[in-house]
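Student:
2 protein chains.
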Amino acid sequence: MPRIVRHPEVRRAELLAAAGRLFSARGYEAASVDDIIGEVGLSKGAFYYYFPSKDALLEALARQAAERARAELEAILAAPAMSAVEQLNAFLRRGRGTDRAAEAIATFASIFSPENIVLYHRMHRTVMTVMAPALARIIEKGRREGSMASNDPLISAELVLLLGAVTHGAVADLLAAEGADALSQAIAAFERRLAEQGLAVDRILGLPDGTARFVEPGFVAAMAAARPNRNPLGATVAAG
Amino acid sequence: MPRIVRHPEVRRAELLAAAGRLFSARGYEAASVDDIIGEVGLSKGAFYYYFPSKDALLEALARQAAERARAELEAILAAPAMSAVEQLNAFLRRGRGTDRAAEAIATFASIFSPENIVLYHRMHRTVMTVMAPALARIIEKGRREGSMASNDPLISAELVLLLGAVTHGAVADLLAAEGADALSQAIAAFERRLAEQGLAVDRILGLPDGTARFVEPGFVAAMAAARPNRNPLGATVAAG
DNA sequence: TGCTACAGACCGCCAGTCGGTATAACTGAC
DNA sequence: GTCAGTTATACCGACTGGCGGTCTGTAGCA
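Those protein sequence lines, which keep their order, are chains A and B.
With UniProt numbering, the residue at position 233 of the first sequence is 233, and numbering never jumps.
With UniProt numbering, the residue at position 91 of the second sequence is 91, and numbering never jumps.
1. I'd like the span of the alpha helix (DSSP H) that includes A:V166, first residue to last.
2. Along the chain, where does the alpha helix (DSSP H) containing B:T107 start, and where does it finish?
3. Between the stretch 134-165 of chain B and chain A, which residues of the former have CB atoms less than 8 Å from a CB of the latter, in chain order?
4. Closer than 8 Å, Cβ to Cβ, to anything on chain B: give me those residues from the UniProt domain "HTH tetR-type" (9-69) of chain A, in chain order.
5. Using only CA atoms, which one of B:G38, B:V85, B:R227 lies nearest to B:M148?
6. Output the distance between the C-alpha atoms of B:R70 and B:L135, rounded to the nearest integer angstrom.
7. At which residues does the alpha helix (DSSP H) containing B:P80 begin and terminate?
8. Say whether chain B places a C-beta atom closer than 8 Å to the C-beta of A:H124.
9. Answer yes if the stretch 163-173 of chain B comes into contact with the stretch 101-114 of chain B, meaning at least three C-beta pairs across the two stretches below 8 Å, and no otherwise.
10. With DSSP collapsed to three states, give me the class of residue 253 of chain A.
11. Quick one: is A:A239 near chain B, going by C-beta distance under 8 Å?
12. If contact is defined by three or more beta carbon pairs under 8 Å, each pair taking one atom from either stretch, is the stretch 26-38 of chain B in contact with the stretch 86-95 of chain B?
13. Determine the DSSP secondary structure at B:H7, reduced to helix, strand or coil.
14. From A:F190, A:R193, A:V201, pick the residue whose C-alpha is nearest to that of A:L161; which is it?
15. Hey, B:A226 and B:I187 are a contact pair by Cβ (cut 8 Å); roughly how many whole angstroms apart?
16. Flag A:H121 as yes if its beta-carbon sits less than 8 Å from any beta-carbon of chain B, otherwise no.
17. A:P2: buried (16+ other C-beta within 10 angstroms of its C-beta) or exposed?
18. Return yes when the Cβ of A:F47 is within less than 8 Å of the Cβ of A:L16, no when it is not.
19. Closer than 8 Å, Cβ to Cβ, to anything on chain A: give me those residues from the stretch 102-119 of chain B, in chain order.
20. For the candidate residues B:A224, B:L199, B:M223, whose alpha-carbon lies nearest to that of B:A212?
21. Ordered along the chain, which non-local residues of its own chain (more than five positions away) have a Cβ less than 7 Å from that of B:I204?
22. May I ask you to report which of helix, strand or coil DSSP gives B:L119?
23. Excluding five sequence neighbours on each side, which residues of the same chain lie with their C-beta closer than 8 Å to the C-beta of A:P208?
24. Thinking C-beta only, is A:T129 closer than 8 Å to A:A65?
25. Taking only three categories from DSSP, how would you classify B:T211?
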């Protein structure tokens with residue numbers, strides 16, 4: 001086979017990109033190392049030259065995601081003109097504008113699928129460790145401004161983040177919904193759920209009811225409209 | 001090899017029991033089907049006579065756990081003498097008495113270990129579908145009694161259950177703590193966390209602060225005291 | 001000339017398959 | 001009631017394909 005040499009950073013990025021695609025599409029376990037190197041056009045030996053194990057590749061992918069999330073956050077935190085409450089809402093809605101609904105539903109569809117628990121968990125854990133302290137800073141600011149209450153900003157931050165990550169079931173329902181009736185029902189259920197989650201955040205942080213909102217209005221409907229094409233036999237996503 | 005025939009129900013139970021032990025001890029992926037049948041003294045063919053796949057065995061195990069949880073709940077729900085608030089606390093503390101601390105820490109240690117995400121997730125999901133409606137009934141009762149507030153008892157129930165399942169990190173810290181100082185710090189952190197989670201539940205359900213409590217006093221210390229013996233090299237549970 | 005980035009045959013293990021079989025349970029003849 | 005014949009059930013274990021990971025190299029750039 002022709003031997004093609006690239007800059008290590010480029011190769012590493014290629015592997016991460018291919019792994020990201022394949023893990024999302026097929027699930028972490030179902031996507032083999034051979035699949036990944038096949039996509040990049042690399043040998044087994046070269047792969048293990050870059051990553052000590054398949055798990056390390058997953059870890060690197062999670063770190064990458066966390067790093068990107070952190071970068072997105074810096075922008076919010078760096079804006080001193082915003083009140084803590086405004087920052088909170090900006091935080092909760094990051095990447096959840098109606099314009100990014102298609103992107104969001106695609107991500108959800110792959111990451112919340114049953115065969116992707118491992119991928120989801122890794123991402124979540126790693127991103128969480130980056131996000132929690134950032135959100136805690138917002139909560140502390142809110143406390144100083146007198147708009148928020150919390151005994152322990154870091155713990156409160158983790159609880160709030162947790163509430164943001166419970167969308168699993170509702171997303172699955174949204175993806176599985178067949179027919180206009182079921183779809184509009186799923187949308188309504190999803191929005192009720194998001195409203196309740198927002199309320200829970202308000203209560204935990206001592207904000208007036210209706211202050212925190214996880215998505216901007218119309219986001220769920222936009223996501224539903226942008227659902228990835230499902231196979232004609234139905235049940236793309238197994239129930240449960 | 002001698003051929004030993006048993007009643008199918010007995011064999012099935014044997015397999016479930018062995019799988020429960022091995023999955024907990026080594027993790028779902030690390031415990032092979034060969035390990036399980038080795039423990040039971042059965043052949044590969046016989047195993048696949050009972051379960052169509054290793055995953056189906058995990059599913060059956062999760063169902064079993066859910067069924068047991070449901071049975072435990074019936075007792076609480078069947079007691080009409082208890083107020084909804086009392087039922088809530090009984091619910092939150094099920095299996096969390098100081099007398100059951102040893103059992104609890106052992107369960108946590110295995111189920112929250114990094115290599116057991118799959119096992120944890122399955123159990124959690126299955127048990128959740130059983131628990132959420134039960135807790136929702138308690139919340140409805142509380143609403144009728146005027147002690148609780150909720151727009152949607154089922155969603156509130158799911159949020160409350162979720163809050164009960166966030167103990168991961170703190171448990172890991174508790175298990176990893178080396179030396180008296182670190183241990184007492186981990187205990188304190190755990191208790192602060194549980195207190196905050198209790199507060200969050202209070203707020204979500206419109207209860208006075210300090211009403212809901214996830215464990216009885218002294219439970220965390222009792223758990224810490226009952227930690228399973230860790231290997232002398234330290235770091236039984238990998239960080240994170 | 002030496003080190004870095006690569007190649008690919010190879011290994012052990014694992015979930016799952018398959019053809020076969022011992023044994024218990026049932027049948028009917030006497 | 002018992003005993004050969006038959007069937008269905010519960011079981012055996014060699015085998016397969018594919019997986020993650022290893023190892024011995026080696027081409028190509030510096």
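Cβ coordinates follow ideal geometry from the N, Cα and C atoms, glycine included.
Source: prediction; values computed, not measured.
Tutor: In terms of the structure at hand:
1. For the purposes of this step, residue 166 of chain A is identified with residue 166 of the first sequence, where counting begins at 1. Unbroken run through A:V166: none, as it is neither H nor E.
2. Taking the first residue of the second sequence as 1, we reach residue 107 of chain B at position 107. Element bounds for B:T107: 101-111.
3. N151, D152, I155, S156, E158, L159, L162, L163
4. none
5. Translated into the one-based positions of the second sequence, residue 148 of chain B becomes position 148. Measuring from the Cα of B:M148, the nearest candidate turns out to be B:V85.
6. As a working mapping, residue 70 of chain B is identified with position 70 in the second sequence. As a working mapping, residue 135 of chain B is identified with position 135 in the second sequence. Straight-line Cα distance between these residues: approximately 11 Å.
7. The count along the second sequence starts at 1 and reaches residue 80 of chain B at position 80. Segment: none, B:P80 is in no alpha helix (DSSP H) and carries neither H nor E.
8. Position 124 of the first sequence, counted from the first residue, corresponds to residue 124 of chain A. Taking a beta-carbon distance threshold of 8 Å, A:H124 does not count as an interface residue toward chain B.
9. yes
10. Chain A is shown from 1 up to 240; residue 253 of chain A falls before or after that span and cannot be answered.
11. Mapped onto the first sequence, residue 239 of chain A falls at position 239. The pLDDT assigned to A:A239 is 33, lower than 50, so where the model puts this residue is not dependable; a value taken from the coordinates is nonetheless given after this. Not an interface residue.
12. Contact between the stretch 86-95 of chain B and the stretch 26-38 of chain B is absent, because fewer than three Cβ pairs lie under 8 Å.
13. Reading the second sequence from its first residue, position 7 is the one you call residue 7 of chain B. Correct three-state label for B:H7: coil.
14. By one-based count along the first sequence, residue 161 of chain A stands at place 161. Closest option to A:L161, Cα to Cα, is A:V201.
15. One-based indexing of the second sequence puts residue 226 of chain B at position 226. One-based indexing of the second sequence puts residue 187 of chain B at position 187. The pair is not a contact, with the Cβ atoms about 12 Å apart (cut-off 8 Å).
16. Residue numbering aside, residue 121 of chain A sits at position 121 when the first sequence is read from its first letter. It does: the Cβ of A:H121 has a partner Cβ on chain B nearer than 8 Å.
17. If you number the first sequence from 1, residue 2 of chain A lands on position 2. Exposed, by the Cβ-count rule.
18. If you number the first sequence from 1, residue 16 of chain A lands on position 16. If you number the first sequence from 1, residue 47 of chain A lands on position 47. Using a Cβ distance threshold of 8 Å, A:L16 and A:F47 do not count as a contacting pair.
19. I117, V118
20. Reading the second sequence from its first residue, position 212 is the one you call residue 212 of chain B. Closest option to B:A212, Cα to Cα, is B:L199.
21. On the second sequence, residue 204 of chain B is found 204 positions in, with the first residue counted as 1. Closer than 7 Å at the Cβ level, and outside the excluded window around B:I204, lie S156, L159, V160.
22. Counted from its first residue, the second sequence places residue 119 of chain B at position 119. It is helical.
23. Against the first sequence, residue 208 of chain A aligns to sequence position 208. So the list reads D202, once near-sequence residues are dropped.
24. As a first step, residue 65 of chain A is located in the first sequence; it is residue number 65 there, counting from the start. As a first step, residue 129 of chain A is located in the first sequence; it is residue number 129 there, counting from the start. Cβ distance not < 8 Å, so A:A65 and A:T129 don't count as in contact.
25. Translated into positions along the second sequence, residue 211 of chain B becomes position 211. B:T211: coil per DSSP, three-state reduction.
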